[in-house]
Amino acid sequence: MSEVVLEVKNLKKYYKSPNGTLHAVDDVSFTIEKGKTLGVVGESGCGKTTTGRTILRLVEPTSGQVIFNGTDITALSKEELRKMRCEMQLIFQDPFSSLDPRNTVRQAIAEPIIYNKILTDKKAIEDRVIELMEIVGLAPRLINSYPHELDGGRRQRVGIARALAMNPKFIVCDEPVSALDVSIQAQILNLLEELQDKLGLTYMFITHDLAVVNHFADDIAVMYLGQIVEKAPAEELFENPLHPYTKALLSAIPIPETGNTIQRIILKGEINSPIDPEDECRFAKRCLYATEECHKKTPALIEVKPEHWVACCRCGELQ
Amino acid sequence: MNKEYVLEIEDLTVEYVVEGEVTQAVTDLNLKVEAGTTVGLVGETGAGKTTTALAALRLVPDPPGTIRSGRILVCGQDIMKLSQKQLYNVRGQDISMIFQDPMTSLNPVETVGDQITESIMLHEKLKRPQAWEKALEMLELVGIPRTRAMEYPHQFSGGMRQRVVIAIALACNPKMLIADEPTTALDVTIQAQVLDMMKKLRDQFNMGMILITHDLGIVAEICDEVAVMYAGRIVEMGTLDEVFNHTRHPYTEGLFNSLPNIKNREAKLQPIPGLMPDPTDLPVGCAFAPRCRYATEACKAAQPAAHHFSDTHFAACTAYEDPSFRIERSKDRE
Amino acid sequence: MSKNKKEVQDINRKATGEKAKGRSQGAEVWYRMRKNKGAMVGLVVVVLLILLAVFSDVIFDYSKQIAGINTKARLLPPSWEHPFGTDGKGRDLFVRVLYGTKYSLTIGVVATLISTLIAVPIGALAGYYGGFFENVVMRIMDMLSAVPFILMGIVVVSALGANMMNLIIALGIVGIPKICRMTRAAVLTVKNQEYIESARIIGLKERDIIIKHVLPNCLSPIIVSITLQVATVIISASSLSFLGLGVPAPSPEWGALLSAGRDELRQHANLTLFPGLAIMITVLALNLMGDGLRDAMDPKLRK
Chain A
1067 MSEVVLEVKN
1077 LKKYYKSPNG
1087 TLHAVDDVSF
1097 TIEKGKTLGV
1107 VGESGCGKTT
1117 TGRTILRLVE
1127 PTSGQVIFNG
1137 TDITALSKEE
1147 LRKMRCEMQL
1157 IFQDPFSSLD
1167 PRNTVRQAIA
1177 EPIIYNKILT
1187 DKKAIEDRVI
1197 ELMEIVGLAP
1207 RLINSYPHEL
1217 DGGRRQRVGI
1227 ARALAMNPKF
1237 IVCDEPVSAL
1247 DVSIQAQILN
1257 LLEELQDKLG
1267 LTYMFITHDL
1277 AVVNHFADDI
1287 AVMYLGQIVE
1297 KAPAEELFEN
1307 PLHPYTKALL
1317 SAIPIPETGN
1327 TIQRIILKGE
1337 INSPIDPEDE
1347 CRFAKRCLYA
1357 TEECHKKTPA
1367 LIEVKPEHWV
1377 ACCRCGELQ
Chain B
33 MNKEYVLEIE
43 DLTVEYVVEG
53 EVTQAVTDLN
63 LKVEAGTTVG
73 LVGETGAGKT
83 TTALAALRLV
93 PDPPGTIRSG
103 RILVCGQDIM
113 KLSQKQLYNV
123 RGQDISMIFQ
133 DPMTSLNPVE
143 TVGDQITESI
153 MLHEKLKRPQ
163 AWEKALEMLE
173 LVGIPRTRAM
183 EYPHQFSGGM
193 RQRVVIAIAL
203 ACNPKMLIAD
213 EPTTALDVTI
223 QAQVLDMMKK
233 LRDQFNMGMI
243 LITHDLGIVA
253 EICDEVAVMY
263 AGRIVEMGTL
273 DEVFNHTRHP
283 YTEGLFNSLP
293 NIKNREAKLQ
303 PIPGLMPDPT
313 DLPVGCAFAP
323 RCRYATEACK
333 AAQPAAHHFS
343 DTHFAACTAY
353 EDPSFRIERS
363 KDRE
Chain C
5 MSKNKKEVQD
15 INRKATGEKA
25 KGRSQGAEVW
35 YRMRKNKGAM
45 VGLVVVVLLI
55 LLAVFSDVIF
65 DYSKQIAGIN
75 TKARLLPPSW
85 EHPFGTDGKG
95 RDLFVRVLYG
105 TKYSLTIGVV
115 ATLISTLIAV
125 PIGALAGYYG
135 GFFENVVMRI
145 MDMLSAVPFI
155 LMGIVVVSAL
165 GANMMNLIIA
175 LGIVGIPKIC
185 RMTRAAVLTV
195 KNQEYIESAR
205 IIGLKERDII
215 IKHVLPNCLS
225 PIIVSITLQV
235 ATVIISASSL
245 SFLGLGVPAP
255 SPEWGALLSA
265 GRDELRQHAN
275 LTLFPGLAIM
285 ITVLALNLMG
295 DGLRDAMDPK
305 LRK
């Protein structure tokens, strides 16, 4: 076993709403090892983004622990947290809103370096900014450009350079390519992969695109309504999905080849509300295999095979 | 052969003039859609897909856009020659369009039943009760129980809303439907449902359809023909099989190589280097040449001519002047 | 239709983006402002007025031309010698109106400055932190804006005495709620942008986030509302002076000029007409400039 960088234990984030308590993240636990990528997939509203934000404590967790390199982040004071943040960074989904429109590329990349006093010499800062721009593949002539002068791919590169400026060990990538065109998307994915090899980064990769996560992640966690329903190494998950929801999700991926014979599993039924969910399998109402058992209590995430975890009452029979 | 074309676009050129600068959004575009078939219009942001679609309904915002030249026939009528009033009749009845974001195309303060009823009454001489009845039928057709007709758009989920939009678009049985990224805002499982439904409805009504998308997976799913657009021009067009399995244009190849392969996760992505050219400043030659791995000096000198590989399949690429030229992708497959 | 607008915007952006290369946002705004004729006219007039106000004591001799009494030349009609005529004390109205610019502009600018200095920090904090603090602040603003400005003027002036400083204070207080609300609204939209979160993740303290990222991005709506506020203040000041609550005689504040000309309205309409025109032109110029600024600064309003 290699070194565990991040361990999340029973993480919960509830929001109060006029209609009741919204369970955005409900008892999520996982670990990520150094240099690996955990892909988190799920559909809109499944809590994957909130999970990422809660791990970085951009959103305060309701309960649970986030242990990063042996330190429990949820117990840190604000000042300690600010120091810790140097090692944990976030790459945003929307490169159009994640850069301050009034800052040039230079200012955006230099800000974390100057503010955290990583470097103090002006010349050294300038050199570092140019170095970072080269690392992420930005031409140095763009250093004085404003975000509105750049296209989506280049903005995303600025965002990545800004995150790298802190020399992080762990990066949460929140849908980093879903706002980009396919040809640009591949450029950015390759860049992230290269950086991981070169700098030994650990990623948590949040996405709704299964093809991308399959390509990119070592392990994949599938989330449904705030809970992880299945978690396994990427290859295992795609070849041998056990949870009915994962199966439906995988069958729904449109494949860019002719003559596909895959049988689509078309889900029916209403999606449960995440507000005050009942103690039952949250997928049961849409599940093809649901029995009475499924409506009785929330199934626990159990390891059915080495490294393959599933939360389904019937997965024993359905295998 | 006696084919019934529901939409014919010939030599369409659309320009946008912004602050004195001319942007060619669409250049010399030819496209025909046969009844009962789907043409996929594929390309990246700014390739001119949406502009093409809007031109087909004569909805290009003017100013800044103008249809510089071209002929657009919807069910045989030249819509460039129609009066505003006739145009209203054609839209909705002969040709209809659905947009990417279902929330912005629905009126938030009117029930979905009323919205469908109104679009029916606009085109058909029906009394309100009959139109209402038909609206309920439409709802059922797209898989929404009639009991929900009295509800407002915000009470529906994203997938349901897109179904309502489709119901409105199809309310008057148009012969031609243009769907502009109809499932981009939806989740995969919902997307599968909506695509499935659209396919069924197309066959049921024998509609012609243009599906605008950037997702080649969706194209493989429901299209019969594919047109790949780059910088305002169609660079490759053919049947689904021809474009996917006998790819000719380097840009199409680049698109395929950029996609993660779900069956082989180790395969390295091969993105197309560089960026789409600035539409106000297109090169004299092939717009793709600066990013193309096969480009030669000849490519930069003049616009590439279309090379036909079959009756239905062509690619606009200068490299095919040399008859032995093949791109990597088709080498692997032949 | 949103998609199609987006595409057009995209094309617009690409079209202008190339040209705008290397141009800072300030230069962008100036470039767009220059194309708006009304705004440029407003700007030129405002600049002229400012120059006039700044150099009025150099151009005119206060004791002789402004305050000096000349009983021989009372109530003359407009002529080449006296373009606006003369008033009841034989003073040239043209000179007095020009000199009055100093008072009106000073009151407008200083009162707005007071409102801004108080309202912007409060509004920004209320918008950024929200919660109970925001509630308290906004309710106080509601109460303040429920008091008519004339009443407020009367209260302050009768408590502190009728002079220019007190008039400025009264109008400064009256202007607070508007700018405060404006700032809060601007901050509310900016604080949910991802670049604020991006600043937090690289370790910025909340205070620095507000100063470095929130306020600069709220600047355009604030600048616009300040410009328009100056115009509002000038009108209010004239009204108060007209009621005798403002600048005392013989200073030729425009409202005071109007008030003085009131008695002669029938025979000598020029006494009220020209100060009134001066107010109108100034306010119009400021409004034109403010609207132009708004259009130039707000990328969403770009055609």
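Protein chains in written order, with the working numbering: chain A, 1067 to 1385; chain B, 33 to 366; chain C, 5 to 307.
Glycine included, C-beta positions come from ideal geometry on N, C-alpha and C.
Everything numeric in this text was worked out from a predicted model, so none of it was measured.
As assigned by DSSP and simplified to three states, the class of L1303 (chain A):
Numbered from its first residue, the first sequence carries residue 1303 (chain A) at position 237. Three-state DSSP puts L1303 (chain A) in a helix.
List the endpoints of the continuous beta strand (DSSP E) containing T245 (chain B).
On the second sequence, position 213 is the one that residue 245 (chain B) refers to. Counting along the chain, the beta strand (DSSP E) containing T245 (chain B) begins and ends at 240–245.
Three-way DSSP call (helix, strand, coil) for N1210 (chain A) in this model:
For the purposes of this step, residue 1210 (chain A) is identified with residue 144 of the first sequence, where counting begins at 1. Three-state result, N1210 (chain A): helix.
Going by C-alpha to C-alpha distance, which of C:S242, C:V114, C:S224, C:C184 sits closest to M147 (chain C)?
Here residue 147 (chain C) corresponds to residue number 143 of the third sequence, with the count starting at 1. It is C:C184.
At a CB distance below 7 Å, what residues from the region 54–77 of chain B approach chain A? Give them in sequence order.
E76, T77
Verify the CB distance criterion: does A1090 (chain A) have a CB-CB separation below 9 Å to chain C?
Looking up residue 1090 (chain A) in the first sequence gives position 24. Closer than 9 Å: no.
How far does the beta strand (DSSP E) with G72 (chain B) in it reach, from first residue to last?
Position 40 of the second sequence, counting from 1, holds the residue named residue 72 (chain B). Element bounds for G72 (chain B): 70–74.
Name the one or two DSSP bridge partners that A259 (chain B) has.
What you label residue 259 (chain B) is simply residue 227 of the second sequence in a count that begins at 1. DSSP output for A259 (chain B) lists B:L73, B:M269 as bridge partner(s).
Which same chain residues, not among the five before or five after D1160 (chain A), have their C-beta less than 6 Å away from its C-beta?
Start at 1 with the first residue of the first sequence, and residue 1160 (chain A) comes out as number 94. Cβ within range, chain order: A1245.
Does the Cβ-Cβ distance between S1 (chain C) and I180 (chain C) come in under 9 Å?
Examination of residue 1 (chain C) is not possible in this model, given that chain C is present from 5 through 307 alone.
In the DSSP assignment, the alpha helix (DSSP H) including H155 (chain B) goes from what residue to what residue?
The residue given as residue 155 (chain B) occupies position 123 in the second sequence. Segment 144–155, the alpha helix (DSSP H) holding H155 (chain B).
According to the neighbour-count rule (16 or more other Cβ atoms, all chains shown, within 10 Å of its Cβ), is P336 (chain B) buried or exposed?
Translated into positions along the second sequence, residue 336 (chain B) becomes position 304. Buried: at least 16 other Cβ atoms inside 10 Å.
Starting from the Cα of G155 (chain C), find the closest Cα among C:L247, C:F278, C:I238 and give me that residue.
As a working note, residue 155 (chain C) is residue 151 in the third sequence. Note on identity: in this sequence residue 155 (chain C) is Leu, with Gly being the wrong assignment. When each option's Cα is compared against that of L155 (chain C), the closest is C:L247.
Given a cut-off of 9 Å, decide if G1101 (chain A) and T1364 (chain A) are closer than it, judged by their beta-carbon atoms.
Indexing the first sequence from 1 puts residue 1364 (chain A) at position 298. Indexing the first sequence from 1 puts residue 1101 (chain A) at position 35. No, Cβ-Cβ distance for T1364 (chain A) and G1101 (chain A) is not below 9 Å.
Are T1103 (chain A) and F1271 (chain A) close, meaning C-beta to C-beta below 9 Å?
Here residue 1103 (chain A) refers to the residue found at position 37 of the first sequence. Here residue 1271 (chain A) refers to the residue found at position 205 of the first sequence. Contact: yes.
Using a Cβ-Cβ cutoff of 8 Å, what residues of the region 1278–1302 of chain A are near chain B? List them in chain order.
For the region 1278–1302 of chain A, the beta-carbon criterion of a distance under 8 Å to any beta-carbon of chain B is satisfied by V1278, N1280, H1281, F1282, A1300, E1301.
Alpha carbon to alpha carbon, what distance is there between L1367 (chain A) and I1341 (chain A)?
The residue you call residue 1341 (chain A) lines up with position 275 of the first sequence. The residue you call residue 1367 (chain A) lines up with position 301 of the first sequence. Cα to Cα, I1341 (chain A) sits roughly 21 Å from L1367 (chain A).
Using a Cβ cut-off of 9 Å (strictly closer), state whether D212 (chain C) contacts chain A.
Position 208 of the third sequence, counted from the first residue, corresponds to residue 212 (chain C). Closer than 9 Å to some Cβ of chain A, the Cβ of D212 (chain C) qualifies, so yes.
Best match in B:V54, B:S115, B:K157, B:D212 for proximity to G75 (chain B) [C-alpha to C-alpha]:
Start at 1 with the first residue of the second sequence, and residue 75 (chain B) comes out as number 43. Closest by alpha carbon: B:D212.
How about A87 (chain B) and V106 (chain B): do their beta carbons lie closer than 9 Å?
Here residue 87 (chain B) refers to the residue found at position 55 of the second sequence. Here residue 106 (chain B) refers to the residue found at position 74 of the second sequence. In this structure, V106 (chain B) does not lie closer than 9 Å to A87 (chain B) by Cβ.
For M33 (chain B), decide whether its Cβ has a neighbour in chain A, counting only Cβ atoms nearer than 9 Å.
Reading the second sequence from its first residue, position 1 is the one you call residue 33 (chain B). At M33 (chain B), the pLDDT of 45 sits below 50, so the modelled position is not reliable and the matter cannot be decided from this model.
Does the beta carbon of G207 (chain C) sit closer than 9 Å to a beta carbon anywhere in chain A?
The residue labelled residue 207 (chain C) in the question sits at position 203 within the third sequence. So, interface residue.
Just how far apart, CA to CA, sit L162 (chain B) and E172 (chain B)?
In the second sequence, residue 162 (chain B) corresponds to position 130, counting from 1. In the second sequence, residue 172 (chain B) corresponds to position 140, counting from 1. It is worth fixing the name first, because residue 162 (chain B) is Gln in this sequence and not Leu. Taking the straight line from one Cα to the other gives about 16 Å.
When you compare the region 177–192 of chain B with the region 144–151 of chain B, are there three or more beta-carbon pairs, one atom per stretch, that lie closer than 8 Å?
yes
Using the three-state DSSP reduction, which class does T1324 (chain A) fall into: helix, strand or coil?
Numbered from 1 along the first sequence, position 258 holds the residue referred to as residue 1324 (chain A). Reduced to three states, the DSSP call for T1324 (chain A) is coil.
Do you know offhand how far M169 (chain C)'s Cα is from P96 (chain B)'s?
Position 165 of the third sequence holds residue 169 (chain C). Position 64 of the second sequence holds residue 96 (chain B). Rounded to the nearest whole angstrom, the CA to CA distance from M169 (chain C) to P96 (chain B) is 52 Å.
Anything in chain B within Cβ reach of R1151 (chain A), meaning under 8 Å, just list it in chain order.
Within the first sequence, numbered from 1, the residue matching residue 1151 (chain A) stands at position 85. Near R1151 (chain A) there are no residues of chain B at all, since even the closest Cβ is about 30 Å away, more than 8 Å.
Give, in chain order, every residue of the region 221–233 of chain B whose Cβ lies closer than 9 Å to some Cβ of chain A.
T221, I222, Q223, A224, Q225, L227, D228
Locate the alpha helix (DSSP H) running through E165 (chain B), then write down its first and last residues.
What you label residue 165 (chain B) is simply residue 133 of the second sequence in a count that begins at 1. Counting along the chain, the alpha helix (DSSP H) containing E165 (chain B) begins and ends at 160–173.
Quick one, which of C:V62, C:A282, C:L80, C:Q197 has its alpha-carbon nearest A235 (chain C)'s?
One-based indexing of the third sequence puts residue 235 (chain C) at position 231. That would be C:A282, whose Cα lies nearest to the Cα of A235 (chain C).
Using the C-alpha atoms, what's the distance from H1214 (chain A) back to K25 (chain C)?
In the third sequence, residue 25 (chain C) corresponds to position 21, counting from 1. In the first sequence, residue 1214 (chain A) corresponds to position 148, counting from 1. Note that K25 (chain C) scores a pLDDT of 44, beneath 50, so its modelled location is shaky; the value from the coordinates is reported in the next line. Approximately 10 Å between the Cα atoms of the pair.
Mind checking which residues open and close the alpha helix (DSSP H) that includes T193 (chain C)?
Locating residue 193 (chain C) in the third sequence gives position 189, where the first residue counts as 1. Counting along the chain, the alpha helix (DSSP H) containing T193 (chain C) begins and ends at 168–195.
Check the Cβ of L1155 (chain A) against every Cβ in chain C and list those closer than 9 Å, keeping chain order.
Within the first sequence, the letter at position 89 stands for residue 1155 (chain A). As written in the sequence, residue 1155 (chain A) is Gln, which differs from the Leu given in the question. Under the 9 Å cutoff, chain C gives I205, I206.
Nearest-angstrom beta carbon gap, L243 (chain B) and T70 (chain B) [assumed within contact, 8 Å]:
Here residue 70 (chain B) refers to the residue found at position 38 when the second sequence is read from its first residue. Here residue 243 (chain B) refers to the residue found at position 211 when the second sequence is read from its first residue. Yes, they are in contact, since the Cβ atoms of T70 (chain B) and L243 (chain B) sit about 6 Å apart, within 8 Å.
Simplified DSSP state of H86 (chain C), which is helix, strand or coil
Walking along the third sequence from the start, residue 86 (chain C) turns up at place 82. In this structure, H86 (chain C) counts as coil in the three-state DSSP scheme.
So, E1336 (chain A) versus K1313 (chain A), is the Cβ gap smaller than 9 Å?
As a working mapping, residue 1336 (chain A) is identified with position 270 in the first sequence. As a working mapping, residue 1313 (chain A) is identified with position 247 in the first sequence. Cβ atoms of E1336 (chain A) and K1313 (chain A): not closer than 9 Å.
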